[in-house]
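Chains A and B supply the protein sequences, listed in that same order. Quick note on numbering: the first sequence equals residues 1237 to 1679 in the numbering used here. Quick note on numbering: the second sequence equals residues 72 to 159 in the numbering used here. We put the CB at the ideal spot given by N, CA and C, even for glycine. None of the values given here were measured: they were computed from a predicted structure. Worksheet: the structure to be examined is printed underneath.
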Amino acid sequence: MSGKKDGGKKSARPAAPEDQVDRGLAAPEAACGPEPEARGGLRRVVITGAGTVNALGHDVPATLEAFREGRCGISQLQFRDVERLSIQIGGQIHDWRAEDYFNRQQILLYDKFTQFTLLAARQAVAQAGLNFQGALGLRAGVVLGTAGGGLNTWDENYRAVYEEGKNRVHPFVVPKLMNNAAASHVSMEYGLRGPSFTVATACASSNHAMGLAFQMVRSGAAQVMLTGGSEAMLCFGGVKAWEGLRVMSKDACRPFSANRNGMVQGEGAGVFVFEDLEHARARGAEILAEVVGFAMSSDAQDIVMPSAHGAERAITGAVRDAGLNPDQIGYINAHGTGTAANDKTECAAVAHAFGHHADRLMISSTKSMHGHLIGGTGAVELLACLMALREGVIAPTIGYEEADPECALDVVPNEAREARVDAVLSNAFAFGGLNAVIALRRI
Amino acid sequence: MSDTIKTRIKAIIAEQAMLEPDQITDEATPEELGIDSLGLVESIFALEEEFDISIPFNANEPDKSDFDITNMGTIIAAVERLVAEKAI
Chain A
1237 MSGKKDGGKK
1247 SARPAAPEDQ
1257 VDRGLAAPEA
1267 ACGPEPEARG
1277 GLRRVVITGA
1287 GTVNALGHDV
1297 PATLEAFREG
1307 RCGISQLQFR
1317 DVERLSIQIG
1327 GQIHDWRAED
1337 YFNRQQILLY
1347 DKFTQFTLLA
1357 ARQAVAQAGL
1367 NFQGALGLRA
1377 GVVLGTAGGG
1387 LNTWDENYRA
1397 VYEEGKNRVH
1407 PFVVPKLMNN
1417 AAASHVSMEY
1427 GLRGPSFTVA
1437 TACASSNHAM
1447 GLAFQMVRSG
1457 AAQVMLTGGS
1467 EAMLCFGGVK
1477 AWEGLRVMSK
1487 DACRPFSANR
1497 NGMVQGEGAG
1507 VFVFEDLEHA
1517 RARGAEILAE
1527 VVGFAMSSDA
1537 QDIVMPSAHG
1547 AERAITGAVR
1557 DAGLNPDQIG
1567 YINAHGTGTA
1577 ANDKTECAAV
1587 AHAFGHHADR
1597 LMISSTKSMH
1607 GHLIGGTGAV
1617 ELLACLMALR
1627 EGVIAPTIGY
1637 EEADPECALD
1647 VVPNEAREAR
1657 VDAVLSNAFA
1667 FGGLNAVIAL
1677 RRI
Chain B
72 MSDTIKTRIK
82 AIIAEQAMLE
92 PDQITDEATP
102 EELGIDSLGL
112 VESIFALEEE
122 FDISIPFNAN
132 EPDKSDFDIT
142 NMGTIIAAVE
152 RLVAEKAI
């Protein structure tokens, strides 16, 4: 406790690294050619499959339709003891019936976060049309993000032993709740025998996972990676824990709006197939987009308050890693949580990273529709990036009611917009000051 | 009774701010006492636990809350009001 307190007091806090701000995007080395053909011996990486389940729909087409319509998936939460919560809304998947997708034995072994992951992975692999039998399986793996892992399993079993006084739990409690359960089941379902693991960086988990998958395919360490993330935190204990921080909204998620009053949790999963471009072309696969850049940074400052400098370094780093000019970025899927602190800090970071171009690019937060999926959020949000690149439709920030001078960017308020964009970013900034930004371009 | 409540509140705030209770004046703001946003949320939790009350406070819009955190005087008055309401 004293350690945290010391860290929270201004006088005791180490000086912020203000003097370490990078040179910004105007640096000449940021100006690289338009086609990053196998730069430095690196492979090019493309997305050939996508899958999801979230409060907006049980697949990608349903989710994109909701994005286009600006439909809100946030509603009254429904689960045991919800009446004891002061926060009772969320992006919950109300019509989830595990038995529609899994057999009895699988349901006994799969926590909800694993169920969501497997459904999304099935869709992604089916779209990619890949078969991992034989040699490809040895060069393929899965990296997924989650913050809470099998939180429903923890919640149900603590209730059984503490509240109900039971002295015996089901034998599968540990394999169900472990954070790597989803990644392991994906590897088993498809015979992925290369690198597989789970990343936990709170709200940036999925972006860190996808960034690592991208780096592994780019470096040649793997030919295909399944990647994304999942979260199933909407249970009594999961929401009660968040209530404690007093950053949750009781009525709506309104990112960038002056009257925003906090975040709203969501649940679900997003899974993508990241594949070596040459491999994808050789087999005639449909290519959804190219993954071109990724950068991570750490604020090294505060356990909950974000830093504009840390976010900016991740943004500029991703653009530079992609070999793009900053003015090529047409859209940013924002972290945009709807909290007072995140949204103004994120806008400051974008404004500083892009200079005058910040006034021309579009930035929106789809959390206003599906809620904040915590460790799975970057994966579901990447779908808005794919929609922007492939369909020329920018998903809106819904619930936007009042302009905020501290968020003075084009946040695509309330209605989707048609616009051609060639390159996009997706931001994720986690509690603990861990930032991860990924860059995609049209191919 | 009110003095006792005030003393107990000051003791909680003093512990949070790592100061002596007599340094917690009515005029002092949380910021002046070195209590940042996370420290404030922690202090409010400690007050709720101490007095078994529920304090309406959203860190996103502290100014709009019914719980006035302008300074120690307003915080003490608000806690006293919530304790009195509970007694009814």
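Rounded C-alpha distance that separates residue i from residue j
i, j, result
"A/TYR1346", "A/PRO1407", "13 Å"
"B/SER114", "A/ILE1539", "17 Å"
"A/TYR1636", "A/ALA1371", "50 Å"
"A/LYS1241", "B/GLY110", "Summary for A/LYS1241: the model assigns pLDDT 39, below 50, so the residue's position carries little reliability; its value from the coordinates is reported in the next sentence. Each residue's alpha carbon lies about 8 Å from the other."
"A/LYS1348", "B/ALA82", "45 Å"
"A/ALA1624", "A/ARG1678", "9 Å"
"A/VAL1657", "A/ILE1630", "9 Å"
"B/SER136", "A/LEU1622", "40 Å"
"B/SER108", "A/ALA1547", "20 Å"
"A/ALA1620", "A/ALA1396", "40 Å"
"A/GLY1306", "A/GLY1559", "32 Å"
"B/ALA88", "B/ASP123", "22 Å"
"A/GLY1520", "A/GLU1301", "27 Å"
"A/ASP1336", "B/VAL112", "43 Å"
"A/GLY1614", "B/THR75", "50 Å"
"A/ALA1743", "A/GLY1669", "With chain A covering only 1237 through 1679, there is no way to say anything about residue 1743 of chain A."
"A/THR1552", "A/ILE1523", "26 Å"
"A/ASP1535", "A/GLU1642", "21 Å"
"A/VAL1318", "A/GLN1324", "7 Å"
"A/PHE1303", "A/TRP1478", "26 Å"
"A/ASP1563", "A/VAL1648", "18 Å"
"A/ASP1487", "A/SER1604", "11 Å"
"A/ALA1357", "A/ALA1577", "34 Å"
"A/PHE1590", "B/GLU102", "33 Å"
"A/THR1602", "A/THR1288", "14 Å"
"A/GLY1628", "A/ILE1565", "14 Å"
"A/GLY1277", "A/SER1455", "8 Å"
DSSP bridge partner residues for residue i (one or two, in chain order)
i, result
"A/PRO1649", "A/THR1633"
"A/LEU1676", "A/VAL1527 and A/VAL1660"
"A/ILE1283", "A/PHE1510 and A/ALA1525"
"A/MET1598", "A/TYR1567 and A/ASP1646"
"A/VAL1378", "A/SER1432 and A/LEU1462"
"A/SER1322", "Answer is none; A/SER1322 lacks a bridge partner."
"A/ALA1558", "None, per the DSSP bridge assignment."
"A/ASN1290", "A/GLY1293 and A/GLY1504"
"A/GLU1766", "Residue 1766 of chain A is absent from the structure shown; chain A starts at 1237 and stops at 1679."
"A/LEU1670", "A/SER1534 and A/ALA1666"
"A/HIS1608", "A/GLN1501"
"A/GLN1312", "A/ILE1325"
Nonlocal neighbours in the same chain, by C-beta distance under 6 Å from residue i, ignoring five residues either side
i, result
"A/GLY1611", "GLY1381, THR1382, ALA1383, SER1441, GLY1465 and GLU1467"
"A/ASN1497", "SER1485"
"A/GLY1327", "ALA1291, GLY1309, ILE1310, GLY1502, HIS1606 and GLY1607"
"A/LEU1448", "VAL1379"
"B/MET143", "ILE95, ASP97 and ALA99"
"A/ALA1587", "ALA1594"
"A/VAL1460", "ALA1376 and GLU1511"
"A/TYR1567", "MET1598, ALA1624, ILE1630, VAL1657 and VAL1660"
"A/ARG1259", "With a pLDDT of 42 at A/ARG1259, under the threshold of 50, the predicted position of this residue should be treated as unreliable, and no value is reported."
Whether residue i touches residue j by CB criterion (7 Å)
i, j, result
"A/VAL1509", "A/ALA1334", "no"
"A/GLY1377", "A/GLY1430", "yes"
"A/PHE1368", "A/ALA1505", "no"
"A/ALA1438", "A/ALA1666", "yes"
"A/ALA1544", "A/THR1581", "yes"
"A/GLN1516", "A/VAL1282", "The residue asked about is misnamed: residue 1516 of chain A is Ala in this sequence, not Gln. The answer is yes: Cβ separation under 7 Å."
"A/ASP1391", "A/GLY1473", "yes"
"A/ASN1569", "A/GLU1526", "no"
"A/CYS1489", "A/PHE1315", "no"
"A/ALA1445", "A/VAL1435", "yes"
"A/LEU1462", "A/VAL1422", "yes"
"A/ALA1675", "A/VAL1528", "yes"
"A/LYS1412", "A/GLY1386", "yes"
"B/ASP139", "B/ALA149", "yes"
"A/ASP1338", "A/PHE1450", "A small fix is needed here, since residue 1338 of chain A is Phe in this sequence, not Asp. Going by C-beta atoms, A/PHE1338 is not nearer than 7 Å to A/PHE1450."
"A/PRO1632", "A/SER1662", "no"
Close Cβ partners of residue i (< 8 Å) along its chain, the five nearest in sequence each way excluded
i, result
"B/LYS77", "ILE147 and GLU151"
"A/GLU1271", "Low per-residue confidence applies at A/GLU1271: pLDDT is 47, beneath 50, and the placement is therefore not dependable, though the value from the model is reported in the following sentence. Excluding positions up to five away in sequence, the list is empty."
Own chain, CB closer than 7 Å to residue i, minus 5 neighbours either side, in chain order
i, result
"B/GLU121", "ARG79 and ILE83"
"A/VAL1483", "GLY1498, MET1499 and THR1575"
"A/PHE1433", "VAL1379, ASN1416 and ALA1419"
"B/PRO92", "LYS81, ALA82 and ALA85"
Sequence ranges, beta strand (DSSP E) only - wholly within the segment 1459-1537 of chain A, length at least 3: 1460-1467, 1504-1512 and 1525-1534
Completely contained beta strand (DSSP E) runs for the segment 1328-1353 of chain A, where each covers 3 or more residues: none
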